[in-house]
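Comments concern the structure below.
Numbering (full-length UniProt numbering), first residue to last: 1 to 469.
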């Protein structure tokens, strides 16, 4: 379908993005730029993300005064992180009579004409979306893609509008908008207790995911071994759309009535699965069971579109990863530095498991963790403490608010006081923190900056030599 008809369907041609440098927003901006829209946006911080957009001709403003002199847009796109009633740019645009569209609405309408794969779940969405898109791209499907991270095969960005007939996108449950799309194939990686600031109870969270499984799709691929998914399946009567996979060799009640059931096993860091009476093997350059099972989900999604299982499985070994997903930053003073977006206890646990698998028992795992959101810290501080206890040394930064108002009594010390091993609290001042950290690190250590805020800046500062000489 030509881009002109997409513009007609969306009802605008010159969108303006609020917070265009954000991971999901920048990916959508790339998609619209590829589709021929005249894209512009605001972001208060220059970055590699904004530079990549500018290379495509996207106009980016960092000050309201500059914006006032350049009113060439006919719509505004926002995410749930933007407070429309108090954001100065949003207020200015409203006064000009500009129409507002939520990013999920734009994405779904943009991909409406494609056969789509939506990837949902509490953890692993970005990686699984990128893996699935990589497999399909490798097999010649040329999919349109929206990923909440920067992907190697997309030349370091997270979005692409392509000529193929397939769309692959990350489906975010944090604000409930993941229930609005009509994807024919859906992947559900797992269900954990997160975003309870929005859902309030685990029961309502499970109810939302049950709708994700049941609504509109032809095939739903999910991990039957995940406890949250198992609980969610109790809410679902019709399981005929489910394409499940499990490491259990036994057929039991939870697998009855499924569209397909795939058994797998992991041996020698490879995943072996059985489909249609044949055996296939998946290997990944990234360590950890979760990378292998997420890869399996991507392979099964490709198979649902008619791809050859052998070719899809072999494609996984060429997957080069996503920025901020156990990303290797470099080595400084004999210390390997990694960065990861993990900001939930389950993700923290998975990252630590992967890091230890990378190099066995050699060296110490030094964790620099930045809690993300006051509400998440309030709800899960004990779980964070339990996960972080697996680190050899843990540094804790102050909480990154992500736009939330502070909650009295909710600080990083809540986590620290619940840990068995005593963590080291940092001030949040980058220069002094790095000097302090540098005096503790030694040759052979692995420093992992961990969190969804700006904790990566601490790792980059250490790489610049601002720690111990």
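The beta-carbon is built from N, C-alpha and C at its ideal position, and this holds for glycine as well.
Distance from the CA of residue 412 to the CA of residue 377, rounded to the nearest whole angstrom, comes to 8 Å.
Assigned with DSSP and collapsed to three states, residue 105 falls in helix. Beta-bridge analysis with DSSP links residue 120 to 188. Non-local C-beta neighbours of residue 123 in its own chain, meaning closer than 6 Å and more than five positions away in sequence, comprise 190, 346 and 347, ordered along the chain. Considered as a whole, the segment 26-80 harbours 48-55 and 64-68 as its complete alpha helix (DSSP H) runs of no fewer than 4 residues, in chain order.
Within the UniProt domain "Mur ligase C-terminal" (324-453), the complete beta strand (DSSP E) segments of 3 residues or longer fall at 327-332, 335-340, 365-369, 393-396 and 446-450, listed in chain order. According to the DSSP assignment, residue 160 belongs to no alpha helix (DSSP H) but to the beta strand (DSSP E) extending over 157-160.
Per DSSP, the unbroken alpha helix (DSSP H) holding residue 197 starts and ends at 196-199. In this structure the segment 164-171 does not lie against the segment 320-332, because fewer than three pairs of beta carbons, one per stretch, are closer than 8 Å. Excluding residues up to 5 positions away in sequence, 10, 28 and 77 lie with their Cβ nearer than 7 Å to the Cβ of residue 106 in the same chain. Here DSSP, grouped into helix, strand and coil, assigns residue 264 to strand. Of the other Cβ atoms in all chains shown, 16 or more fall within 10 Å of the Cβ of residue 339; this residue is therefore buried. For the 8 Å CB-CB criterion, residue 372 and residue 194 do not form a contact. When beta bridges are read from the DSSP output, residue 244 appears opposite 222 and 261.
In this structure, residue 302 sits near residue 136, with a CB-CB distance shorter than 8 Å.
DSSP places residue 298 in the helix class (H, G or I) of the three-state scheme. In this structure, residue 334 lies near residue 443, with their beta-carbon atoms less than 8 Å apart. Below 8 Å, too few C-beta pairs join the segment 278-286 and the segment 101-120 to call them touching: fewer than three.
Taken atom to atom, the span from the alpha-carbon of residue 206 to that of residue 196 is near 11 Å. In this structure, the CA atom of residue 295 is about 40 Å from the CA atom of residue 99. Here residue 129 really is in contact with residue 147; their C-beta atoms are around 5 Å apart, less than 8 Å. Residue 364 holds the alpha-carbon nearest to the alpha-carbon of residue 337 among 65, 364, 143 and 175. Residue state for residue 287 is assigned as coil, using DSSP reduced to three classes.
The segment 347-356 and the segment 425-441 do not touch, with fewer than three beta-carbon pairs separated by less than 8 Å. Residue environment analysis places residue 275 among the buried positions, since at least 16 neighbouring C-beta atoms fall within 10 angstroms of its C-beta.
The continuous alpha helix (DSSP H) containing residue 138 extends over residues 125-138. Annotation for residue 163: no alpha helix (DSSP H) segment contains it, and DSSP assigns it neither H nor E. Only buried fits residue 181, as 16 or more other CB atoms lie within 10 angstroms of its CB. For the pair residue 91 and residue 405, the Cα-to-Cα distance works out to about 20 Å. Just measuring C-alpha positions, the residue of 409, 418 and 394 sitting nearest residue 383 is 418.
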